[in-house]
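Student: First the structure, which I've put down as structure tokens, then a few questions once you've had a look.
Chains as they are written, first to last, in our numbering: chain A, 2 to 427; chain B, 1024 to 1212.
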């Protein structure tokens, strides 16, 4: 939203004036991420991860496009061309490590961004659409990351393709034909690899498109803030440029230090050594695990080991795994509390941290072998996960007595707001 | 404010009947819709297995060298197939179970060929999510709790008739179409 006090774009150079008449793109950018976008002055560092996620997407697209110049999406050459990138292509090792660790960084940033939303109620009206588009972006990211992981055509690549497409065969009646259609064969093969390469190239640009919608939807109500109190007056906001661009710049520096540490000093720390063995359809690695960012969902998938009523365990596991994300779509309506921020919700705040611990436990278990006691703990953690969203959040939002909210953002920052004495109309 | 209305038949002026441009509108949109759907079909169909993938022929396997208790892993349609020579004890163990109590009720007899009950021939693809279970060919130390096969991915245990007994797999290991062309040669597919 453009608040009435927001700076107006005023081109001074004759060329920019001419440009503004013909194609007001600079005006759009100025109002979106420049001096024309007014942001609540009290946002904390948790609000920096959206910008960082955008940076990650740019890193992935740039490194990905150049990697595609050296990679061959054919089972005969895929593994060797990946090694060719690592050994022969100038700076190829850096580009590939940057891309692989960039995916991990992207997920780390996006998880913090999502949990920021959980804590501060960023999904609540009037920001439901931003949240829904965000969940769509997350689903697209998962699909893109999975297909990218298949491309090097190592053992983990091959078996990831086998297991993940196997999820679709759980669907009654159409499952097996659907799996064959997705794979283009009876098992992952050249047709599979080639189409995954094509889609892995396409989807980041689809993500970029949805990100633009996400930011567009954000700019209608404006950014949320840690108090959850809406902007009331000019003293509540500061322009995005230069204040928050500078602040985002600082976190970019911190991010780059951590990202660089991984890329340059421990590039394989998050990977799996089995993926340096060429794909072998005749030998399943003894311990198949996805990348760490899928572990919580993988634990949910594996926690279904018994048939229930007419549903077999496999279908239940697949449904639960997808439901674990799809339930986020309903969050704006499951949480009925009018108070957004957990800062003023003492009961919800406790359950938020319980959810964080629960997801961390699921994440740990997703990386462990499918044995006891891991399975039992995963079953309990899965139960709690769904209990949180479907039972605890609705109940807490109706029985909780929130703490008093500040009159305004200004009051929460300065301890006092001159307008607060003027009366309730603010 | 329809300027063409005046040139149409009087009935149209009263707002009745089908106007010429209504017909053109419906016809054009229908043609575009049907045309669009027609184009969609090849775009979807191209992803299905291609002719060369479908044309993969049957596989002949020489089983003469497989001793009781041993098994081999061979390939059919680019997927693994297990050929296992069951020992008398393994056959007994499989027959000792009440088939009706199983998740996917089948007897060993139903899963083997008459006269060749010791030859257990199944796809080596776990019915959970498609991993290759471990068996005698992996050193013989990991056979699962029921002595058959064990899938390491998500912990499905199969017995000596390759029937699922524990874990998330919904079905027994699939028995492919096959026949004994002689006592030592099996033709799969």
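Heads up, the beta-carbon is just placed ideally off N, CA and C, and yes, glycines get one too. Computed from a predicted model, the values in this text were never measured in an experiment.
#1: Determine the extent of the alpha helix (DSSP H) in which residue 136(A) is found, giving its start and end residues.
#2: Using a Cβ-Cβ distance under 8 Å, would residue 1163(B) count as near chain A?
#3: Closer than 7 Å, Cβ to any Cβ of chain B: which residues of the segment 153–171 of chain A, in chain order?
#4: Using only CA atoms, which one of 387(A), 416(A), 335(A) lies nearest to residue 122(A)?
#5: Under a Cβ-count criterion, where at least 16 other Cβ atoms within 10 Å of its own Cβ denotes burial, should residue 419(A) be classed as buried or exposed?
#6: Quick check: the segment 222–229 of chain A against the segment 395–412 of chain A, are there 3 or more CB pairs under 8 Å?
#7: List the residues of chain A that residue 1102(B) touches, going by C-beta distances under 8 Å, in chain order.
#8: Roughly how many angstroms separate the alpha carbons of residue 1197(B) and residue 188(A), rounded to a whole number?
#9: Residues of the segment 348–379 of chain A with a CB closer than 8 Å to any CB of chain B: list them in chain order, please.
#10: By the 7 Å beta-carbon criterion, what residues does the segment 1177–1191 of chain B contribute toward chain A?
#11: Taking its Cβ as the centre, do 16 or more other Cβ atoms sit within 10 Å of residue 102(A), making it buried, or is it exposed?
#12: Strictly by DSSP, which residues pair up with residue 1180(B)?
#13: Considering residue 1094(B), what are the terminal residues of the beta strand (DSSP E) in which it resides?
#14: Is it true that the segment 296–311 of chain A meets the segment 362–377 of chain A, where meeting means three or more beta-carbon pairs spaced less than 8 Å apart?
#15: Give the interface partners of residue 305(A) over in chain B, defined as CB-CB distance under 7 Å, in chain order.
#16: Going by alpha carbons, who is nearest to residue 295(A) out of 285(A), 312(A), 325(A)?
#17: Under 7 Å Cβ-Cβ, which residues of chain B neighbour residue 318(A)?
#18: To the nearest angstrom, how far is the alpha carbon of residue 1194(B) from that of residue 1068(B)?
#19: Taking only beta-carbon positions, decide if residue 1205(B) is within less than 8 Å of chain A.
#20: When we look at the beta-carbon of residue 1102(B) and count the other beta-carbons within 10 Å, is it buried (16 or more) or exposed?
#21: In chain order, what are the residue ranges of uninterrupted alpha helix (DSSP H) at least 4 long that sit wholly in the segment 90–128 of chain A?
#22: Along the segment 1070–1086 of chain B, what residues have a CB closer than 7 Å to any CB found in chain A?
#23: Kindly list the residues whose CB is nearer than 7 Å to the CB of residue 1207(B), restricted to its own chain and excluding five residues on each side of it in sequence; keep chain order.
#24: For a cutoff of 8 Å on Cβ pairs, would you count residue 175(A) as touching chain B?
#25: Examine the Cβ distances between the segment 107–122 of chain A and the segment 49–68 of chain A and report whether three or more of them are shorter than 8 Å.
#26: Looking at the unbroken alpha helix (DSSP H) that takes in residue 320(A), where does it start and where does it end?
#27: Output yes or no for whether 8 Å exceeds the beta carbon distance between residue 67(A) and residue 329(A).
#28: In whole angstroms, what is the alpha-carbon distance linking residue 1151(B) and residue 169(A)?
#29: Consider the Cβ of residue 275(A): report whether some Cβ of chain B lies at a distance smaller than 8 Å.
#30: Does chain B have any CB closer than 8 Å to the CB of residue 288(A)?
#31: Taking residue 182(A) as the query, report the chain B residues whose CB atoms sit under 7 Å from its CB, ordered along the chain.
#32: Roughly how many angstroms separate the alpha carbons of residue 426(A) and residue 407(A), rounded to a whole number?
#33: Just the Cα atoms here: how many angstroms apart are residue 333(A) and residue 127(A)?
#34: Alpha helix (DSSP H) containing residue 1118(B): first to last residue?
#35: Roughly how many whole angstroms lie between the Cα atoms of residue 1203(B) and residue 1185(B)?
#36: Could you tell me which chain B residues have their CB closer than 8 Å to the CB of residue 196(A), listed as they occur along the chain?
Tutor: This is what the structure holds:
#1: 129–151
#2: Cβ-Cβ to chain A under 8 Å: no for residue 1163(B).
#3: 160, 163, 164, 167, 168
#4: 335(A)
#5: exposed
#6: yes
#7: Close to residue 1102(B), with beta-carbon spacing below 8 Å, are these residues of chain A in chain order: 187, 188, 282.
#8: 15 Å
#9: 370, 371, 372, 376
#10: 1177, 1178, 1190, 1191
#11: buried
#12: Answer is 1173(B), 1189(B).
#13: Looking at the DSSP string, the run of the beta strand (DSSP E) that includes residue 1094(B) is 1094–1099.
#14: With a cut-off of 8 Å on Cβ pairs, the segment 296–311 of chain A is in contact with the segment 362–377 of chain A, counting three or more such pairs.
#15: 1191
#16: 325(A)
#17: Correct list: 1191.
#18: 29 Å
#19: no
#20: buried
#21: 93–121
#22: 1070, 1071, 1072, 1073, 1076
#23: 1085, 1086, 1087
#24: no
#25: yes
#26: 314–327
#27: no
#28: 11 Å
#29: no
#30: yes
#31: 1070, 1071
#32: With a pLDDT of only 49 at residue 426(A), under 50, the local geometry of the prediction cannot be trusted, and no value is derived from it.
#33: 10 Å
#34: Per DSSP, residue 1118(B) is one residue of the alpha helix (DSSP H) stretching across 1111–1118.
#35: Rounded to whole angstroms, the separation of the alpha carbons of residue 1185(B) and residue 1203(B) is 20 Å.
#36: 1070
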